[in-house]
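To start, the structure itself, in structure tokens.
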Amino acid sequence: MIFSQIIECLYDLNVGIIGVGGERHERPHKPLLLLAALDLIDAGLATPSRIPWSRELRDRFTARFEIVHHHDDKNTPENPFYYLQTQGFWQAWIEDGNTTHPLKTTPLVNQTGHVFARFIDGFEMILALPENRMLIREALISRYFPGLGRQDISASPPLSFVAEDETEYGRSPAFRRKIIEIYDHQCAACGLRIRLPVANEVSFIDAAHLIPFSESRNDHPTNGLALCKNHHWAMDRNLIAPCPDHRWHVSKIIDPRRSNGEKDLSDLSGKTLLLPKDEAFHPDAEGLAWRCKQLIA
Ligand SMILES: [Zn+2]
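Oh and the sequence shown: position 253 is 253 in the working numbering, straight run, nothing missing.
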């Protein structure tokens with residue numbers, strides 16, 4: 001796997017979603033365990049080919065868990081340590097005397113020293129480089145825990161060198177793919193869906209950030225919206241905005257008598273946002289309020 005594919009894979013972890021209504025959220029466990037593994041590699045306590053099931057690993061997991069968890073999440077690093085194997089880039093093993101076997105269930109604390117995991121499928125080579133680990137850590141935080149942001153407790157140096165150009169290391173395509181999947185290729189304003197069944201799948205739909213990434217460092221899907229080219233263009237110019245009432249608002253500078261285009265935009269006023277079925281991915285109120293405030297009065 002190459003770097004951009006790894007970012008896409010990490011943006012689409014099978015994390016599990018739980019809760020109802022406003023409590024509905026993605027489980028934090030898999031990305032938290034990956035962040036803990038990166039910390040241990042940085043600290044010289046692990047390598048990409050050997051991440052010990054250790055107290056240090058569990059401590060790093062717990063430190064971030066206590067910041068990001070929802071009330072029905074449990075502090076259970078043993079679950080992602082085992083279940084990350086379903087992602088195809090992580091294997092867990094147990095040493096028994098002189099032989100090593102695949103781990104068959106979640107590890108116990110008293111198996112510390114006998115259980116380890118390894119990255120495979122190209123991850124081990126990418127993760128061998130400290131600068132890659134830093135970019136991957138930043139990507140995981142942007143995607144799953146934007147609230148941790150720059151205050152992340154990682155032992156790494158600050159991320160000030162990270163380029164503002166988000167396309168540079170494949171983050172932008174990963175965000176786009178995730179948003180388009182969640183919205184099933186449909187514009188949240190007009191409902192337009194154009195999806196061509198050709199290689200690399202052509203979609204007319206863009207993934208827009210509510211609060212721009214350069215400002216928020218937030219690639220969580222709740223900071224995104226799927227929009228057709230027209231409505232993306234109009235939102236970026238603050239002519240239309242999705243607001244916390246989950247309706248579209250239109251700038252007063254739009255005059256429906258002037259042109260059909262402006263009439264189309266004007267007609268959007270008061271229409272409800274077309275949102276994904278799963279409330280875990282509905283846009284967050286902060287991002288909607290930000291967009292609403294940008295609307296040209
Ligand atoms: Zn549209």
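Glycine residues also receive a C-beta, built at the ideal position from the N, C-alpha and C atoms. Since the structure is predicted, the reported quantities are computational estimates derived from the model, not experimental observations.
Identify, in the order they occur along the chain, each residue of the same chain with its Cβ nearer than 8 Å to the Cβ of residue i, setting aside the five sequence neighbours on each side.
i      : result
Trp93  : Thr100, His101, Pro102, Leu103, Val115, Phe116, Ala117, Arg118
Gly22  : Glu279
Arg24  : Ile17, Ile18, Asp278, Glu279, Ala280
Asp165 : Reliability of the predicted coordinates at Asp165 is poor, the pLDDT of 44 falling under 50, and the value obtained from them is presented with this limitation in mind. Closer than 8 Å at the Cβ level, and outside the excluded window around Asp165, lies no residue.
Contact check, residue i vs residue j under 8 Å by CB: the rounded distance?
i      : j      : result
Arg171 : Asp219 : 6 Å
Ile64  : Leu32  : For the sequence presented, residue 64 should be read as Arg rather than Ile. Their Cβ separation, rounded to whole angstroms, is 5 Å, which keeps Arg64 and Leu32 in contact under 8 Å.
Leu196 : Ser251 : About 32 Å; that fails the 8 Å criterion.
Suppose the cutoff is 6 Å on Cβ atoms and the five residues either side in sequence are ignored; what does the same chain contact list for residue i look like?
i      : result
Arg193 : His185, Gln186
Gly16  : Arg27
Leu273 : Ala188, Pro242, His246
Leu38  : Arg133, Arg137
Gly122 : Met1
Ile182 : Pro221, Pro276, Phe281
Phe161 : In this predicted model, Phe161 has a pLDDT of only 40, less than 50, meaning its place in the structure is not dependable enough to derive any value.
In the structure shown, what three-state DSSP assignment does residue i receive?
i      : result
Val228 : One point to set straight first is that residue 228 is Cys, not Val, in the sequence displayed. Three-state DSSP puts Cys228 in a strand.
Phe65  : helix
Phe203 : For the record, residue 203 in the displayed sequence is Ser; it is not Phe. In this structure, Ser203 counts as strand in the three-state DSSP scheme.
Thr222 : helix
Asp96  : strand
Ala128 : coil
Arg27  : coil
Arg193 : coil
Ala139 : helix
Ala285 : helix
Between residue i and the rest of its own chain, which residues show a CB-CB distance below 7 Å, the 5 nearest in sequence each way excluded?
i      : result
His69  : Pro28
Leu288 : Leu210, Pro242, Cys243, Pro244
Pro256 : Glu262, Lys263, Ser266
Pro52  : Ala46, Phe116
Measuring alpha carbon to alpha carbon, tell me which residue in the options is nearest residue i.
i      : options                        : result
Phe204 : Thr222, Ser216, Trp233         : Trp233
Val109 : Ala128, Gly88, Arg247, Phe81   : Phe81
Ala207 : Arg176, Gly44, Trp248, Ala285  : Arg176
Asn79  : Gly97, Arg58, Ile67            : Arg58
Cys190 : Ile179, Pro173, Pro146, Ile240 : Ile240
Ile254 : Gln111, Ala297, Asn98          : Ala297
Ala144 : Ile7, Leu295, Asn98            : According to the sequence displayed, residue 144 carries Tyr and not Ala. The shortest Cα separation from Tyr144 among Ile7, Leu295, Asn98 belongs to Ile7.
May I ask you to list the residues that DSSP assigns as paired with residue i?
i      : result
Trp90  : Phe119
Val250 : Ile240
Ile18  : His25
Ile51  : Ala117
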